[in-house]
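Protein sequence lines correspond, in order, to chains A and B.
The working numbering puts the first residue of the first sequence at 1, with every later residue one more than the last.
The working numbering puts the first residue of the second sequence at 1, with every later residue one more than the last.
Have a look at the structure below before the remarks.
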Amino acid sequence: GNSVTQMEGPVTLSEEAFLTINCTYTATGYPSLFWYVQYPGEGLQLLLKATKADDKGSNKGFEATYRKETTSFHLEKGSVQVSDSAVYFCALSDGGYTSGTYKYIFGTGTRLKVLA
Amino acid sequence: NAGVMQNPRHLVRRRGQEARLRCSPMKGHSHVYWYRQLPEEGLKFMVYLQKENIIDESGMPKERFSAEFPKEGPSILRIQQVVRGDSAAYFCASSRNRGETQYFGPGTRLLVL
């Protein structure tokens, strides 16, 4: 079945360091891919998305490219800030091929801590 | 434009009681999804509803859990006779149409004593 695998956390970085959070997926059909961010005690906020191969999603300095050949959607940011400390979730929408539902399948999340 | 609203934000129940979680989708959205997040885990799909219809409940436990999305009013996730293992954060998401981006509410954190 469809699945998402994220790198384990926590990830601890100093301010202005480069960030990569790996995400790979298994899916039938042509899923859409998402990154969501969850700040402590809050819900999920959509960070960026990509709907087809080679698309690059970007927002607030974060980027991720939909790589069909490596089934990956790694999240990157060139210079992290303390305010980026949160849990990041990679997710795919199964596109309705398996269930017709377009439900999201999430990775287990990666906690990022940025130190000043 | 108000986002997805969920209430209550926090809910404490004793074992055997009932829990009712409410979700009001974004304006203009008629598709609602419920997800559950256990501690230190990702979100798991529970159920997908359109107005007055359950489309997919493949992620719902077979007993004690039910969901509805009436013609008027919020979507309700109902958990009867709660047990400690039901303690989790329950998130609702909505989309305008099937297959479009889902927007999440702030969640209801259920604690069963």
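Every residue gets a Cβ at the ideal spot worked out from N, C-alpha and C, and that includes glycine.
Predicted model only: the values in this text are computed from it and were never measured.
The beta strand (DSSP E) enclosing Met46 of chain B, as first and last residue numbers: Taking the first residue of the second sequence as 1, we reach residue 46 of chain B at position 46. Here the beta strand (DSSP E) through Met46 of chain B covers Leu43 to Gln50.
Bridge partners - Phe62 of chain A, DSSP secondary structure assignment: Against the first sequence, residue 62 of chain A aligns to sequence position 62. Per DSSP, A:Asn59 and A:Lys77.
Would you say Ser66 of chain B and Cys92 of chain B are within 8 Å of each other, going by their C-beta atoms? Your numbering for residue 66 of chain B matches position 66 in the second sequence. Your numbering for residue 92 of chain B matches position 92 in the second sequence. No, these two residues do not count as a Cβ contact at 8 Å.
Other residues of its chain near Thr108 of chain A: CB distance less than 7 Å, five sequence neighbours each side excluded: As a working mapping, residue 108 of chain A is identified with position 108 in the first sequence. Around Thr108 of chain A: Gln6.
Under 7 Å by beta carbon: chain B residues contacting Phe106 of chain A: By one-based count along the first sequence, residue 106 of chain A stands at place 106. The contacting residues are Gly42 and Leu43.
Smallest Cα separation from Lys52 of chain A: which of A:Ser72, A:Lys60 and A:Phe18? Locating residue 52 of chain A in the first sequence gives position 52, counting from the first residue. When only C-alpha atoms are compared, the closest one is A:Ser72.
Reference Lys56 of chain A; option with closest CA among A:Gly43, A:Gln45 and A:His74: Locating residue 56 of chain A in the first sequence gives position 56, counting from the first residue. The residue among A:Gly43, A:Gln45 and A:His74 with its C-alpha nearest the C-alpha of Lys56 of chain A is A:His74.
What first and last residue would you give for the beta strand (DSSP E) that runs through Lys49 of chain A? Residue 49 of chain A sits at position 49 when you count from the first residue of the first sequence. Segment Leu44 to Ala50, the beta strand (DSSP E) holding Lys49 of chain A.
What does the Cβ neighbour count give for Tyr36 of chain A, buried or exposed, with the cut at 16 atoms within 10 Å? In the first sequence, residue 36 of chain A corresponds to position 36, counting from 1. Tyr36 of chain A counts as buried, since no fewer than 16 other beta carbons sit within 10 angstroms of its beta carbon.
Can a CB atom of chain B be found closer than 8 Å to the CB of Tyr66 of chain A? As a working note, residue 66 of chain A is residue 66 in the first sequence. Answer no: the Cβ-Cβ gap between Tyr66 of chain A and chain B never drops below 8 Å.
Cβ atoms of Ser3 of chain A and Leu115 of chain A: under 8 Å apart, would you say? In the first sequence, counting from the first residue as 1, residue 115 of chain A sits at position 115. In the first sequence, counting from the first residue as 1, residue 3 of chain A sits at position 3. Result no, Cβ atoms of Leu115 of chain A and Ser3 of chain A do not sit closer than 8 Å.
Compute the Euclidean distance between the alpha carbons of Arg14 of chain B and Gln81 of chain B, then round it to the nearest angstrom. Within the second sequence, numbered from 1, the residue matching residue 14 of chain B stands at position 14. Within the second sequence, numbered from 1, the residue matching residue 81 of chain B stands at position 81. Distance between the alpha carbons of Arg14 of chain B and Gln81 of chain B is about 9 Å.
Given Tyr83 of chain B as reference, the closest of B:Glu68, B:Pro39, B:Glu18 and B:Val4 once Cα atoms are compared: Residue numbering aside, residue 83 of chain B sits at position 83 when the second sequence is read from its first letter. For the record, residue 83 of chain B in the displayed sequence is Val; it is not Tyr. Relative to Val83 of chain B, the option among B:Glu68, B:Pro39, B:Glu18 and B:Val4 whose CA is nearest is B:Glu18.
What does Thr71 of chain A touch in chain B if you count any residue whose Cβ is under 7 Å from its own? Numbered from its first residue, the first sequence carries residue 71 of chain A at position 71. Think of a sphere of 7 Å around the beta carbon of Thr71 of chain A: no beta carbon from chain B falls inside it, the nearest being about 18 Å out.
Consider the Cβ of Leu46 of chain A: report whether some Cβ of chain B lies at a distance smaller than 8 Å. Translated into positions along the first sequence, residue 46 of chain A becomes position 46. So, interface residue.
Whose C-beta lies closer than 7 Å to the C-beta of Arg98 of chain B among residues of the same chain, with five residues either side of it excluded? As a working mapping, residue 98 of chain B is identified with position 98 in the second sequence. Setting aside the 5 residues that flank it on each side, Arg98 of chain B is surrounded in the same chain by His31, each with a C-beta closer than 7 Å to its C-beta; the list follows chain order.
Hey, would you say Ser79 of chain A sits closer than 8 Å to Glu16 of chain A, going by beta carbons? The residue labelled residue 79 of chain A in the question sits at position 79 within the first sequence. The residue labelled residue 16 of chain A in the question sits at position 16 within the first sequence. Taking 8 Å as the Cβ cut-off, Ser79 of chain A and Glu16 of chain A qualify as a contacting pair.
Among B:Thr108, B:Ser94 and B:Leu113, whose alpha-carbon lies nearest the alpha-carbon of Gly3 of chain B? For the purposes of this step, residue 3 of chain B is identified with residue 3 of the second sequence, where counting begins at 1. Per the Cα distances, B:Ser94.
Going by the CB atoms, is the gap between Tyr88 of chain A and Phe45 of chain B shorter than 8 Å? The residue you call residue 45 of chain B lines up with position 45 of the second sequence. The residue you call residue 88 of chain A lines up with position 88 of the first sequence. For Phe45 of chain B and Tyr88 of chain A, no; Cβs fall outside 8 Å.
Between the alpha carbons of Met60 of chain B and Gly61 of chain A, how many angstroms are there, rounded? Residue 60 of chain B sits at position 60 when you count from the first residue of the second sequence. Residue 61 of chain A sits at position 61 when you count from the first residue of the first sequence. Cα to Cα, the separation comes out at about 37 Å.
If you follow the beta strand (DSSP E) that Ala53 of chain A is in, where does it begin and where does it stop? Here residue 53 of chain A corresponds to residue number 53 of the first sequence, with the count starting at 1. It is not in any beta strand (DSSP E) - Ala53 of chain A carries neither H nor E in the DSSP assignment.
Contact criterion: CB-CB distance below 8 Å. Does Gly28 of chain B meet it with respect to chain A? Taking the second sequence and counting its residues from 1, the one referred to as residue 28 of chain B is at position 28. It does not; no Cβ of chain A falls within 8 Å.
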